[in-house]
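Enquirer:
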Amino acid sequence: MQQHTACHFCRWPAITPEEEAAQLRRQIDDRRARMRRRTLRRRAILSCLSESHDQSSSQLYTQLNTTVPILAVFFSGGDLKPGFRLSRESFNRLLALLPPAKRPWMEP
Numbered sequence: 001m002q003q004h005t006a007c008h009f010c011r012w013p014a015i016t017p018e019e020e021a022a023q024l025r026r027q028i029d030d031r032r033a034r035m036r037r038r039t040l041r042r043r044a045i046l047s048c049l050s051e052s053h054d055q056s057s058s059q060l061y062t063q064l065n066t067t068v069p070i071l072a073v074f075f076s077g078g079d080l081k082p083g084f085r086l087s088r089e090s091f092n093r094l095l096a097l098l099p100p101a102k103r104p105w106m107e108p
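For the sequence shown, full-length UniProt numbering gives the first residue as 1, with consecutive numbering after it.
If you want it as structure tokens, here you go:
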């Protein structure tokens with residue numbers, strides 16, 4: 001390998017092959033460290049997202065939002081026909097189509 005010598009055309013000082021190899025090793029080490037940090041950050045984010053997703057999805061089905069108008073009328077025992085054009089029997093059948101895990105308010 002030809003050694004680069006400083007000249008009036010170049011801005012770089014003379015560098016030996018050993019120095020060039022050392023620079024390349026440092027660049028590779030820096031790149032690997034950035035990749036490790038990026039991977040760890042990604043794993044931490046995915047872990048947080050999966051934990052919050054598991055908790056939120058289970059809470060969605062265990063905490064019924066009774067402020068939704070049709071549910072408020074249904075659970076208060078009101079008539080669903082005028083506002084929603086559904087009989088209580090039809091609505092009960094619709095609710096029965098949900099899997100048991102998604103309808104904790106109904107008795108087994």
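In this text, a Cβ means the ideal position worked out from N, Cα and C, and glycines have one as well. Just so we're clear, the structure is a prediction, and the values are computed from it rather than from any experiment.
Keeping to the same chain, check which residues put their C-beta closer than 6 Å to that of S90; ignore five residues upstream and five downstream.
Expert: none
Enquirer: Pull the bridge partners of I45 from the DSSP assignment, please.
Expert: The partner list for I45 (beta bridge, DSSP) is empty, contrary to what the question assumes.
Enquirer: Taking the beta carbon of P108 as the centre, do at least 16 other beta carbons fall within 10 Å, making it buried, or is it exposed?
Expert: Confidence is the limiting factor: at P108 the pLDDT is only 46, short of 50, which leaves the residue's position unreliable, though a coordinate-based value still follows. Of the other Cβ atoms in all chains shown, fewer than 16 fall within 10 Å of the Cβ of P108; this residue is therefore exposed.
Enquirer: From G83 to C48, what does the alpha carbon distance come to, in whole angstroms?
Expert: 42 Å
Enquirer: From what residue to what residue does the alpha helix (DSSP H) around N92 run?
Expert: N92 -> alpha helix (DSSP H) spans R88 to A96.
Enquirer: Check this for me: beta carbons of S87 and L80, under 9 Å apart or not?
Expert: yes
Enquirer: What's the C-alpha gap between S76 and N65?
Expert: 13 Å
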